[in-house]
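The block underneath contains the structure these notes are about, expressed in structure tokens.
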């Protein structure tokens, strides 16, 4: 469930229950967006905090960043990403703090 607080900000949460595995998982989330920016902040009952940000630089270029922190053991992961729209192709890529570089051309 999400509720708009302002034109650009929404707050909400969701939950999942697995009878087979016997656990309940809850999320609390805040979302912000405007013409060029989109950001989310999520906290889960498995004690993780995640933040995502996407910036639309122009019609052809978008940049993104993601941070996920496990609050139980203080481990974190960060990713940066990009998307370039060329005339005949789209180039997307990510780079993580684990040293993984991934690209895709479509």
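Residue numbers (my numbering): 6 to 111. Beta carbons: idealized from backbone N, C-alpha and C, even for Gly.
From 84, 53, 34, residue whose alpha carbon lies closest to that of residue 76: On the chain shown, residue 76 is found 71 positions in, with the first residue counted as 1. Here the closest residue by C-alpha is 53.
Beta-carbon proximity list for residue 13, same chain, < 7 Å, skipping 5 on both sides: Taking the chain shown and counting its residues from 1, one reaches residue 13 at position 8. Around residue 13: 37, 38, 39.
Residue 51: first and last residue of the uninterrupted beta strand (DSSP E) it sits in: Here residue 51 refers to the residue found at position 46 when the chain shown is read from its first residue. Boundaries cannot be given for residue 51, as no beta strand (DSSP E) includes it and DSSP labels it neither H nor E.
Same chain, Cβ closer than 6 Å to residue 56, neighbours up to 5 away in sequence not counted: Counting from one through the chain shown, the residue named residue 56 turns up at place 51. For residue 56, same chain residues with a beta-carbon under 6 Å away, outside a window of 5 residues either side, are 46, 72 in chain order.
Backbone CA spacing between residue 4 and residue 33 [nearest angstrom]: The chain is shown only over 6 to 111; residue 4 falls outside these bounds and no answer can be derived.
One or two residues paired with residue 66 in a DSSP bridge: Position 61 of the chain shown, counting from 1, holds the residue named residue 66. 89, per the DSSP bridge assignment.
Close-in-space but distant-in-sequence residues of the same chain around residue 70 (CB under 6 Å, 5 per side omitted): Along the chain shown, read from residue 1 onward, the residue named residue 70 stands at position 65. 58, 85, listed in sequence order.
For residue 77, the three-state DSSP class (helix, strand or coil): For the purposes of this step, residue 77 is taken as residue 72 along the chain shown, with counting starting at 1. DSSP places residue 77 in coil when its eight states are reduced to three.
Euclidean distance between Cα positions of residue 96 and residue 44: Start at 1 with the first residue of the chain shown, and residue 96 comes out as number 91. Start at 1 with the first residue of the chain shown, and residue 44 comes out as number 39. If you draw a straight line from the Cα of residue 96 to the Cα of residue 44, it comes to about 22 Å.
Cβ neighbours of residue 22 in the same chain (closer than 7 Å, five flanking residues each side left out): Numbered from its first residue, the chain shown carries residue 22 at position 17. Within the same chain, Cβ atoms closer than 7 Å to the Cβ of residue 22 are found at 29, the five residues on either side in sequence being excluded.
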